[in-house]
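In our numbering, the protein residues as written are 515 to 847. The C-beta atom is built at its ideal place from N, Cα and C for all residues, glycine as well.
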Ligand SMILES: [Zn+2]
């Protein structure tokens, strides 16, 4: 794995709504490596490699990451077109300093580690699509507008957006992102690479993809820790594990279609182990783990409302109360 390339990607500041530096970097990468790229009007970037090798009726694998981070203080760097200083701490992990303040700041491994893994996979594979979404952190606003045309010949999607190198999202905001057959298919490959922990998480972009499209999705850990905090750090070896996992999965699954067969009736059961904390507050979504019957419409209503309340400045307790009342009202119907 090219560690200098990893540091290069991590050094680019990018925050929700101000992703231009990282978007430009991905476009330049595509041009340099002769990979087709398109941007949509939302600012998402889509890469396609191997058009000449794929014929009508065949399917691409697609790798996914988001290009925004929560670290709002990086806006001054973006305005000055400056990079973060990436350094190794005493343990050999990567952390970031803001060169304008000389203080440690969030490195944005969430999800620039994912961006690095996805770009690296383009260097390893002959046939691949990649989607790089904006504004994931403020409610998956980029992937909500994911381009249907781009995904119509995608056979499965693998996102890299979770901490550590042993993390597999199974249910995302109440949406099951792969079926049992797919799970059986990938379980051995995953565990051979050290991925054994299936988890129940709040958002990431494959939540949107799984609701819009009918292919199986995965979301895997890619080596970041303490996400959303100034102390955020990246474990190089674990990014490497994520990259190897990606290579192994793409070889194992190939260029086939994996349609999801058990599109769901799930229970609300958000895990709290993700530690998703909406910036500095300790907001997490474990309060939904009360076994209420799942339906997709209810799930997206709640997600929308929570995002709106969060953006309007409501605190955790208000939001919790709202959801409790919302669920009990719906259950009375
Ligand atoms: Zn993320």
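Between residue i and residue j, how many whole angstroms is the CB-CB distance? I'm expecting something under 8 Å.
i           : j           : result
residue 560 : residue 661 : 6 Å
residue 774 : residue 693 : 5 Å
residue 482 : residue 672 : For the chain, the structure presents residues 515 to 847; residue 482 sits outside this window and is missing.
residue 517 : residue 623 : Contact doesn't hold; Cβ gap of about 14 Å is too wide.
residue 556 : residue 708 : Not quite, the Cβ-Cβ distance comes to about 35 Å (not below 8 Å), so this is no contact.
residue 816 : residue 837 : 6 Å
So, are the CB atoms of residue i and residue j less than 9 Å apart?
i           : j           : result
residue 582 : residue 650 : yes
residue 718 : residue 620 : no
residue 670 : residue 733 : no
residue 630 : residue 523 : yes
residue 540 : residue 646 : yes
residue 531 : residue 576 : no
residue 677 : residue 606 : no
For residue i and residue j, I'd like the C-alpha separation in whole angstroms.
i           : j           : result
residue 679 : residue 754 : 9 Å
residue 635 : residue 835 : 43 Å
residue 757 : residue 839 : 43 Å
residue 654 : residue 615 : 30 Å
residue 534 : residue 528 : 7 Å
residue 543 : residue 841 : 46 Å
residue 506 : residue 665 : Residue 506 lies beyond the range of the chain shown here (515 to 847); nothing can be said about it.
residue 601 : residue 627 : 15 Å
residue 586 : residue 569 : 43 Å
residue 724 : residue 579 : 15 Å
residue 740 : residue 571 : 43 Å
residue 617 : residue 611 : 5 Å
residue 763 : residue 703 : 7 Å
residue 551 : residue 814 : 30 Å
residue 521 : residue 658 : 29 Å
residue 737 : residue 767 : 23 Å
residue 613 : residue 825 : 29 Å
residue 829 : residue 819 : 13 Å
residue 584 : residue 625 : 10 Å
residue 667 : residue 599 : 40 Å
residue 553 : residue 525 : 23 Å
residue 705 : residue 547 : 32 Å
residue 608 : residue 597 : 15 Å
residue 562 : residue 751 : 28 Å
residue 457 : residue 549 : The question about residue 457 has no answer, for the chain in this structure spans 515 to 847.
residue 593 : residue 776 : 47 Å
residue 772 : residue 566 : 22 Å
residue 604 : residue 743 : 19 Å
residue 515 : residue 831 : 44 Å
residue 686 : residue 727 : 15 Å
residue 712 : residue 769 : 25 Å
residue 688 : residue 822 : 18 Å
residue 683 : residue 538 : 29 Å
residue 791 : residue 652 : Note that residue 791 has pLDDT 37, beneath the 50 cutoff, so the model's placement of it is unreliable and the number below is only indicative. Answer to the nearest angstrom: the Cα atoms are 12 Å apart.
residue 827 : residue 564 : 46 Å
Cβ of residue i less than 9 Å from any chain D Cβ?
i           : result
residue 727 : Note that chain D does not occur in the displayed structure, where there is just one protein chain.
Verify the contact flag: residue i, CB atom, against every heavy atom of ligand 3, threshold strictly below 8 Å.
i           : result
residue 700 : Here the bound small molecules are ligand 1; ligand 3 is not part of this structure.
I want to know whether the segment 694 to 714 touches the segment 639 to 648 - three or more CB-CB distances under 8 Å.
Cβ pair count under 8 Å is below three, so no.
Can you list the residues near ligand 1, meaning Cβ strictly closer than 6 Å to any non-hydrogen atom, in the order they appear in the chain?
After applying the 6 Å Cβ criterion, the set is 580, 624, 625, 650, 675, 718.
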